[in-house]
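Take a look at the structure set out below.
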Amino acid sequence: MHRFFVSPTAVRGNQVHFSPDQARQLRSVLRMREGDQVLALDGQGLSYRVELVHLGKKSALGRITETTPATGEPAGDLILCQAISRSERFEWVLQKAVELGVTVFRPLLTRRTVRRAPGDAKWRRWQRIIQEAAEQSGRGRLPVLEEPLSFADAIASARGLALLPTVLAREPARQALDAASWPVTLFVGPEGGFDPQEVELARAFGVRPVSLGPRILRTETAAIALITLTMSALGELDGVGPRAT
Numbered sequence: 000m001h002r003f004f005v006s007p008t009a010v011r012g013n014q015v016h017f018s019p020d021q022a023r024q025l026r027s028v029l030r031m032r033e034g035d036q037v038l039a040l041d042g043q044g045l046s047y048r049v050e051l052v053h054l055g056k057k058s059a060l061g062r063i064t065e066t067t068p069a070t071g072e073p074a075g076d077l078i079l080c081q082a083i084s085r086s087e088r089f090e091w092v093l094q095k096a097v098e099l100g101v102t103v104f105r106p107l108l109t110r111r112t113v114r115r116a117p118g119d120a121k122w123r124r125w126q127r128i129i130q131e132a133a134e135q136s137g138r139g140r141l142p143v144l145e146e147p148l149s150f151a152d153a154i155a156s157a158r159g160l161a162l163l164p165t166v167l168a169r170e171p172a173r174q175a176l177d178a179a180s181w182p183v184t185l186f187v188g189p190e191g192g193f194d195p196q197e198v199e200l201a202r203a204f205g206v207r208p209v210s211l212g213p214r215i216l217r218t219e220t221a222a223i224a225l226i227t228l229t230m231s232a233l234g235e236l237d238g239v240g241p242r243a244t
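Residue 153 in our numbering sits at position 154 of the sequence shown, with consecutive numbering throughout.
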């Protein structure tokens, strides 16, 4: 069943009011008809089974037939501080990280970051990628996209166990995750990795530099490898059924 994230204010009584873009997708892309059913999620933990009762060019309305807790969320927060890189690489990380369960994204500005902070159009595109990936992958809440942070500010705001992969580290990431618990903050650098002074600053704030093996990984590969190791260590890849949020 197709899933759509809607604003909590779009849920009014026993009705869901879809946005103009969603109305266009329902009518013109998915070719849905009145009487068809979809799932609407309010991003705050509730899922609504909705029967479509009106499909216009710029508006769509559904009647709620069932309300249940949303599923598909990890048991705690996984925060990804990802250095801004080339558009296609960064956007690929956004998409795949949503699928794997990241709950908060913090775009990171580092000494070796070659891309500046995004403009409004790029920011909207990132939000759209996150929402579409969340809908496709069965997430119960919409991951949060925060404003870009400097490396120093991001390090100072790290929560819980914090890991930073670097070729300068000797401790295996898997070992650092042996006793992991929520929340977890992950730092992934740009092309060229983190500057040695950044690694030392991170260490001074309690962030653990870790190794992802003897091979040099691209920034997007390092992100997905570290997210996967983290989710596995926390039992999120054990094949259990959907968890209510």
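Cβ coordinates follow ideal geometry from the N, Cα and C atoms, glycine included.
Distance CB(residue i)-CB(residue j) smaller than 9 Å
i: LEU162; j: THR229; result: yes
i: SER27; j: LEU38; result: no
i: LYS176; j: ALA232; result: The sequence given here places Leu at residue 176; Lys does not occur at that position. Against a cut-off of 9 Å, the Cβ pair of ALA232 and LEU176 comes out as a contact.
i: LYS95; j: GLU219; result: yes
i: HIS1; j: ALA59; result: no
i: ARG283; j: ALA133; result: It is not possible to answer for residue 283, since the shown part of the chain is limited to 0 through 244.
i: PRO164; j: VAL187; result: yes
i: SER210; j: ALA172; result: yes
i: GLU260; j: ILE128; result: With the chain represented from 0 up to 244, any question about residue 260 goes unanswered, as that position is not in the structure.
i: VAL198; j: ALA168; result: yes
Residue i versus residue j - alpha carbon distance
i: LEU144; j: GLY192; result: 22 Å
i: MET31; j: PHE104; result: 33 Å
i: ILE83; j: THR64; result: 42 Å
i: ALA155; j: SER149; result: 10 Å
i: LYS56; j: PRO19; result: 8 Å
i: THR102; j: LEU54; result: 32 Å
i: PRO182; j: ARG158; result: 6 Å
i: GLY212; j: PRO142; result: 29 Å
i: GLU170; j: GLU50; result: 53 Å
i: ALA297; j: VAL52; result: The chain is shown only over 0 to 244; residue 297 falls outside these bounds and no answer can be derived.
i: GLN81; j: ASN13; result: 40 Å
i: ALA74; j: LEU40; result: 18 Å
i: ALA221; j: GLY34; result: 45 Å
i: SER86; j: ALA153; result: 21 Å
i: GLY205; j: GLN196; result: 14 Å
i: GLN174; j: ALA120; result: 41 Å
i: ARG23; j: GLN36; result: 16 Å
i: ASP237; j: THR70; result: 16 Å
Residue closest to residue i, alpha-carbon to alpha-carbon, out of the options
i: THR67; options: GLN43, ALA74 and ALA221; result: GLN43
i: GLY118; options: GLU146, PRO208, LEU141 and LYS56; result: GLU146
i: PRO189; options: GLU199, GLY205, GLU65 and ILE215; result: ILE215
i: PRO106; options: LEU211, THR184 and GLY212; result: THR184
i: ARG110; options: LEU200, ARG217 and ALA59; result: LEU200
i: GLU160; options: ASP76, HIS16 and PHE4; result: Before going on, a small fix: residue 160 reads as Leu here, not Glu. Among ASP76, HIS16 and PHE4, the Cα nearest to that of LEU160 is on ASP76.
i: ARG138; options: VAL97, GLU197 and ARG173; result: VAL97
i: LEU79; options: ARG124, PRO213, ALA172 and GLY100; result: GLY100
i: VAL10; options: ARG23, LEU29 and ARG48; result: ARG48
i: ARG88; options: PRO73, TRP125 and VAL52; result: TRP125
i: SER6; options: GLN130, ASP35, ALA120 and PRO73; result: GLN130
i: VAL257; options: GLY34, ASP194, VAL206 and SER180; result: The structure shown does not extend to residue 257, since the chain spans only 0 to 244, so no value can be given for it.
i: LEU25; options: ALA168, SER210, GLY61 and ASN13; result: GLY61
i: ILE226; options: VAL198, ARG202, ALA179 and PHE204; result: ALA179
i: GLN21; options: THR8, GLU33 and PHE3; result: PHE3
i: ARG217; options: LEU108, LYS121 and VAL92; result: VAL92
Unbroken alpha helix (DSSP H) run spanning residue i, endpoints
i: PHE89; result: 86-99
i: ILE63; result: That residue, ILE63, is in no alpha helix (DSSP H); its beta strand (DSSP E) goes 59-68.
i: PRO195; result: 195-203
i: THR102; result: Neither: THR102 is in no alpha helix (DSSP H) and is coded neither H nor E.
i: THR220; result: 218-232
i: GLN174; result: 172-175
i: GLN126; result: 119-136
Extent of the continuous beta strand (DSSP E) to which residue i belongs
i: GLN43; result: No beta strand (DSSP E) contains GLN43, which DSSP labels as neither H nor E.
i: ARG30; result: ARG30 -> no beta strand (DSSP E), and no H or E assigned at all.
i: GLN81; result: 77-82
i: ARG245; result: There is simply no residue 245 to check, as the chain begins at 0 and stops at 244 in what is shown.
i: GLN14; result: 14-17
i: THR184; result: 183-187
Residues that DSSP places opposite residue i in a beta bridge
i: PRO164; result: VAL209
i: SER149; result: LEU108
i: VAL49; result: VAL37 and ILE63
i: VAL113; result: In DSSP, VAL113 forms no bridge with anything.
9 Å Cβ cutoff, residue i in contact with chain B
i: LEU162; result: Looking for chain B here will not work: only one protein chain is present.
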